[in-house]
Each structure stands twice: as C-alpha cells, then as structure tokens.
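Going by UniProt numbering, the sequence shown opens with residue 1, and the numbers climb by one from there.
Okay, so here's the structure we're looking at.
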Amino acid sequence: MKRLGFVGIIIDDREKCSGVVNKVLSEHSDLILARTGLPNAKGNSSIITLVIDATTDELGELTGKLGRINGISVKS
C-alpha cells in the first residue's frame, strides 16, 4: 500500500554529488510528487526535500541508494 511521506537530503558537496543524486531521483521520479532544492549560498552544500507517494519497499530502495552516496545524508 502506498503512503505519502517526506524525504530530506543533505548534500555536503554539491559539485561532486549533484549529478549522482539527480540520476537516482530521476530513476524514482514516479514516486516523487514534489521536490524543493535549497542551495547554501555561503558554501557548497544544499538541501533537497521530497514529497513522495510510495510503498515501504519503494521508499527503502530510494533512500538506500541515496544513503550509499558519499557526502549525502538522508532521512525519511
């Protein structure tokens, strides 16, 4: 059963990680209802928030892939 949820992603090095993060998010775009990205103007980090509609397994797959990327923190 699908449920609504939130995913918070903190990227420590935007230049290094953004391509990989965007690839993973594109692979799971069918789950994402909304996405907001907030770059840190004083540094090279950023925050992405997602609103998703997913099963527990789909959420686990998405956050697992993101969590394996060095320099990324994920909470759901």
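All residues carry an ideal CB built from backbone N, CA and C; glycine is no exception.
CA-to-CA, the gap between Val51 and Asn22 works out to about 15 Å. For Thr49, the CB contacts under 6 Å within the same chain, skipping 5 residues up- and downstream, are Gly8, Thr36 in chain order. Relative to the Cα of Lys42, the nearest Cα in the group Asp12, Arg3, Met1, Ser76 belongs to Asp12. Within its own chain, the residues whose Cβ lies closer than 8 Å to the Cβ of Cys17, once the five positions on either side in sequence are excluded, are Ile11, Ile69, Asn70, Gly71, Ile72, listed in chain order. Going by DSSP, Lys16 is part of no beta strand (DSSP E) but of the alpha helix (DSSP H) stretching over 14-27. Annotated three-state conformation of Thr49 is strand, per DSSP.
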